[in-house]
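Each residue of the sequence shown is one higher than the one before, starting from 1 at the first, in UniProt numbering. Beta carbons are placed, not taken as given, at the ideal position from N, Cα and C, and that holds for glycine. A short worksheet on the structure shown next.
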Amino acid sequence: QQQQHISYINNNQSNYIENVLTAFTNKIEYRLQQLEERLINQVIMIEKKVDNLKFTTSELETVIYETILPVIKVIHKCSFNNTRNTSARDKLTKYSNDITYLLTKRDTNQLSKENANPSGSRMTQSSVNKSRQTTSMEQNNSE
1 QQQQHISYIN
11 NNQSNYIENV
21 LTAFTNKIEY
31 RLQQLEERLI
41 NQVIMIEKKV
51 DNLKFTTSEL
61 ETVIYETILP
71 VIKVIHKCSF
81 NNTRNTSARD
91 KLTKYSNDIT
101 YLLTKRDTNQ
111 LSKENANPSG
121 SRMTQSSVNK
131 SRQTTSMEQN
141 NSE
């Protein structure tokens with residue numbers, strides 16, 4: 001009878017330890033899930049900011065390359081025609097060549113971007129949800 005009593009106590013202790021471990025495991029899983037959601041939301045917000053910055057940069061480049069540099073080139077031609085000083089003409093020629101180089105380089109870059117047509121993979125909320133569904137199904141199957 002004493003042996004049954006000891007066995008009963010050991011069984012209760014085992015159940016207690018198992019319940020404590022299960023509770024800790026559940027808390028850890030819950031906190032990990034919360035952390036995952038926060039990180040995913042932060043990544044999505046960062047991607048939105050990056051996209052906005054890319055758009056702004058693209059607009060600025062368009063203004064610079066399609067408006068400002070061509071106007072500078074026209075003004076330069078007027079200045080060049082009215083300049084008689086050789087060193088000033090040399091500097092204006094170099095300046096004109098630099099502007100032409102920038103415009104040509106941009107046109108070349110635009111063509112290579114259009115030809116490359118990269119397909120970037122962005123993390124979206126729907127792709128994250130699909131990933132979670134797949135993961136939870138895999139977990140259920142493994143249990």
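- In the structure shown, Arg84 adopts coil according to DSSP, grouped into three states.
- Taking Leu103 as reference, the option from Val63, Thr86, Ile44, Ser79 with the minimal CA-CA separation is Val63.
- For Ser96 and Ala88, the gap between their C-alpha atoms comes out near 12 angstroms.
- The alpha-carbon of Thr67 is positioned some 31 angstroms away from that of Ile46.
- Pairing Ser58 with Lys105, the inter-Cα distance amounts to about 15 angstroms.
- Note that the C-beta distance between Leu69 and Ile99 is below 7 angstroms.
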